[in-house]
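Before any comments, here is the structure.
Number of protein chains: 2
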Amino acid sequence: MLEVSQRGHAMPLSPYRRLTPYADAAKQRGVHVYHLNIGQPDIETPPTMLAAVQQANIRVLEYSPAAGFPSYRRALASYYQQVGVSVTPEDILVTTGGSEAIFFALMSCLNPGDELIIPEPFYGAYTAFSVATDVRIVPVTSRMADGFALPPIEEFERRITPRTKALLLCTPNNPTGYVYSREELEQLKDLCVRHNLYLLSDEAYREFCYDSDFVSALHLSGADDHIVVLDTISKRYSACGARIGAFVTKNKALQQTAFKFAQMRVSPPGLAQVLAEAALELPDTYFDHTKAEYQARRDLMVRRLRAMPGVSCPVPGGAFYVMAHLPVDDCDRFCQWLLESFSYEDQTVMLSPASGFYANKSLGQQQVRMAYVLNCDALDKALTCLEQALAVYPGREVPVAEAALDQSA
Amino acid sequence: MLEVSQRGHAMPLSPYRRLTPYADAAKQRGVHVYHLNIGQPDIETPPTMLAAVQQANIRVLEYSPAAGFPSYRRALASYYQQVGVSVTPEDILVTTGGSEAIFFALMSCLNPGDELIIPEPFYGAYTAFSVATDVRIVPVTSRMADGFALPPIEEFERRITPRTKALLLCTPNNPTGYVYSREELEQLKDLCVRHNLYLLSDEAYREFCYDSDFVSALHLSGADDHIVVLDTISKRYSACGARIGAFVTKNKALQQTAFKFAQMRVSPPGLAQVLAEAALELPDTYFDHTKAEYQARRDLMVRRLRAMPGVSCPVPGGAFYVMAHLPVDDCDRFCQWLLESFSYEDQTVMLSPASGFYANKSLGQQQVRMAYVLNCDALDKALTCLEQALAVYPGREVPVAEAALDQSA
């Protein structure tokens, strides 16, 4: 009997995947599904980016260099310099999406069986990458009650073993929206220097900070060899389908190593690099508009969620996600029920159960991640669906006062 | 001291890479370098493919589904059906270039330490993928004297151990240009069925067969679960920079497994899928023209090579490569010398030393791979450079008759 590989068997199915058939079935029944479950924004991709591809004069669509087109690497270096990050084109490897940057980082920094410390909850695909690269994720739990701030640095230190090679941070954070402060980043940097670890910083949402300035790992000084930024244009310019990211480090040996993995796959996508390069010609005001839009959505979402009985959420300072506590028995069950058994005015909402973001399987059962990737009008309707659903969900947690009333009855 | 990973350290640098600085230096000196070293054709990408991207009405460049756009998977299934391969859209996973299809195959079929049998010489990147996936390549040497035909099947059988999980074939072959016959494929299939192995068939050059009909692994019957075709549009439509390939198998469990790796990286490139889909609208005559062009180049190259003293080569039946025996001490040294110390009318030629295609490091020293990716006029000039170079190269092998003359003098 032919078997698939054990590592293939061990690979997780995306948590979204489990709910997709229920969403499809709902649509088949004529129910409109508001997708707050994935980070696919409805924001228009800047037309000048698409126009650059349309106007490119290409006779032969050749391989690009393995590290990306020199012109794009130069333009990207200028972008980083403008945001206070001092890097050269040689510090940048263009990758096929942020995904490939994560893959290159794990392959280049860690060996099979090595340990990678990550604050949880964290982006679900990290689990898939850790299985694919045979790296062991060691979670440090951040708490909703603390707004998902960095757990005390001692919590990280305590988990360091001889197999620990790196620490992976996502700032602004997916799924929590938390933006790490300079002080928190300095603590992590010091820890990495003290214990000889890499600090991998996933900065996919770097342009979306609403209440404070963004601090990049590359803004930190004195630890250039330790720091790798994993980046992508997906969210920044609403160009998720382009698949252009970047692996950025001033560590020459590490950049050389990642380059060998880049050579293996010959080149990153060519047309998409033309698109990405055009992004760097956008006016400085581009992010003002997009940020204002996201901030309005965030404020709407937080306000409406907090007005629902039993629902609570921290105010996320960045990215475009809110993690909310819901008064239900189990969010996996609730999210399925929303799609399978509920509708309000022929509409329902798809959310991400937080269980997919925790390594500790006992955590997050009463939490969901909601992406504010729809405009305020659609978002408002989606939140009305949620509010209506919570009122009638059979597995809802009975509030203490109400429970007392029940008992007295 | 921070170290890169052992696997990163073990990753090979592409063999091209070693010679690139010498090519760059030659160009700086004003010497024109004919690039016969890489499989980057000068054939125009069909303008209708590029036009499809230009005309696509994209407001938001969203993630495509992880397995690729359904419309493209349907169109690609029709393509395979037209060439006698009976597959459905569900049997096809769209990948980021053929490279990713190779990666998914190794990850899904083999575990760390498992063995993969490959006839050598073979595509150099297989070595990189085997290091990245911790798979051990077991080569079976095919010989130039046999035109690089399949070695006797007993040679394969003898190398099968309990760790052998798959056999990887490339047909038409890179680097040899050999096109495996139906009989050879049937032998390999029977072997795979008998020993419970996967048969991975890299068919990147499937449309370029000049003297016989192409036989795909998917044309074989009775072994659907064993067979995986790794494909790409790179060479077929001269669209190397698009990065669109395919992982094709009728083995449902394997397709599901590969899909989990596909989910990890979210989606293949979006714009390039639009380009690829348009390729399937090309007229049936498209390949006639391209094949005639490649065949004329092949015939020219073989004729001129065979007219050079001490040079020999089989007639390759497909792809766009010729493996040639050169009368020199060492082709690595010769190829470097061509760039570093030689020019003829301010021109020289860059070739691939065959050492990069052999796992056995003692093989291939007197062989080079030459890609006929330039038009006949440029090719002719490049071959004149080679002819002139062989006449004056200090490390040339002295022909037997001449050596006898020397001794008698």
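Which chain is which? The protein sequence lines are A and B, in order. Just so we're aligned: the first sequence equals residues 1 to 409 in my numbering. Just so we're aligned: the second sequence equals residues 1001 to 1409 in my numbering. Where a beta carbon is used, it is the ideal one built from N, C-alpha and C, also for glycine. Please read these numbers as outputs of a predicted model, since none were measured by experiment.
- Taking 9 Å as the cut-off, the Cβ atoms of B/Leu-1013 and B/Asn-1037 do not count as close.
- The C-alpha of A/Pro-112 lies about 38 Å from the C-alpha of B/Ala-1371.
- The CB of B/Tyr-1198 comes closer than 9 Å to the CB of Leu-2 in chain A, given here in chain order.
- Those residues of the region 99-110 of chain A placed with their C-beta closer than 8 Å to a C-beta in chain B are Ser-99, Glu-100, Phe-103, Met-107, Ser-108, Cys-109, Leu-110, ordered along the chain.
- Residues of chain B whose Cβ lies closer than 7 Å to the Cβ of A/Val-266 are, in chain order, Gly-1097, Ser-1099.
- Against chain B, the CB of A/Ala-75 has no partner CB under 9 Å away; the residue lies outside that interface.
- With 16 or more other Cβ atoms from the protein chains shown falling within 10 Å of its own Cβ, A/Met-323 counts as buried.
- Closer than 9 Å at the C-beta level to chain B, one finds these residues of the region 230-255 of chain A: Ser-234, Tyr-237, Ser-238, Ala-239, Cys-240, Gly-241, Ala-242, Arg-243, Ile-244, Asn-251, Ala-253, Leu-254.
- Taking all protein chains in view, the Cβ of A/Ser-5 is crowded by 16 or more other Cβ atoms within 10 Å, so the residue is classified as buried.
- Burial is judged here by how many other beta carbons sit within 10 angstroms of a residue's own beta carbon; B/Lys-1189 has at least 16 and is buried.
- Non-local beta-carbon contacts of B/Ala-1223 in its own chain, meaning distances under 8 Å to residues more than five positions away in sequence, involve Lys-1189, Cys-1192, Val-1193, Leu-1199 in chain order.
- Assignment of beta-bridge partners to B/Leu-1093 by DSSP yields B/Phe-1247.
- Around B/Val-1085, the same chain offers Ser-1216, Leu-1218 as residues with beta carbons nearer than 6 Å, after the five sequence neighbours per side are excluded.
- In the three-state reduction of the DSSP assignment, B/Thr-1088 falls in the coil class, being assigned neither a helical nor a strand state.
- As a beta-bridge residue in DSSP terms, B/Ala-1371 pairs with B/Tyr-1321.
- A/Gly-317 is a Cβ neighbour of A/Cys-209, given a cutoff of 9 Å.
- Under the 8 Å Cβ criterion, the region 1023-1034 of chain B does not count as touching the region 126-141 of chain A, having fewer than three qualifying pairs.
- Around A/Ala-132, the beta-carbon contacts reaching into chain B at under 8 Å are Met-1107, Phe-1261, Met-1264.
- An exposed status is given to A/Lys-361, since fewer than 16 other beta-carbon atoms sit within 10 Å of its beta-carbon.
- Taking the beta carbon of A/Arg-59 as reference, the chain B residues within 8 Å of it are Glu-1044, Thr-1045, listed in sequence order.
- Between B/Ala-1272 and the set B/Val-1053, B/Asn-1251, B/Leu-1002, the nearest pair of CA atoms involves B/Val-1053.
- Counting the other CB atoms within 10 Å of its CB gives B/Pro-1152 a total below 16, which places it among the exposed residues.
- Contact of A/Leu-50 with chain B by beta-carbon distance below 8 Å involves Ile-1058, Leu-1061.
- Judged by beta-carbon spacing, B/Ala-1242 lies within the 9 Å limit of A/Pro-269, meaning their Cβ atoms are closer than that value.
- The residue among A/Cys-335, A/Leu-61, A/Leu-363, A/Ala-51 with its C-alpha nearest the C-alpha of A/Ala-389 is A/Cys-335.
- About 7 Å separates the CB atoms of A/Leu-116 and A/Lys-165; that is less than 8 Å, so the two are in contact.
- For B/Asp-1288, no Cβ of chain A is located within less than 9 Å of the residue's own Cβ.
- Listed by position along chain A, the residues whose Cβ is nearer than 8 Å to that of B/Arg-1017 are Gln-263.
- Counting along the chain, no beta strand (DSSP E) covers B/Tyr-1294; the unbroken alpha helix (DSSP H) around it starts and ends at 1286-1306.
- In its chain, beyond the 5 residues on either side, Leu-1275, Ala-1278, Ala-1279 have a beta carbon closer than 6 Å to the beta carbon of B/Met-1049.
- 9 Å or more divides the Cβ of A/Gly-147 from the Cβ of A/Tyr-123.
- From the beta-carbon of B/Ala-1272, the residues of chain A found nearer than 9 Å are Leu-61, Arg-243, Pro-269, Gly-270, Leu-271, Ala-272.
- Between B/Thr-1249 and A/Met-11 the beta-carbon gap is near 16 Å, outside 8 Å, which marks them as no contact.
- Straight-line spacing of the CA atoms in A/Arg-59 and B/Asn-1375 works out to 15 Å.
- Unbroken alpha helix (DSSP H) stretches of 4 residues or longer found wholly inside the region 109-148 of chain A: 125-133, given in chain order.
- Within chain B, the residues placing a beta-carbon under 8 Å from that of A/Thr-257 are Val-1004, Ser-1005, Gly-1008, His-1009, Met-1011, ordered along the chain.
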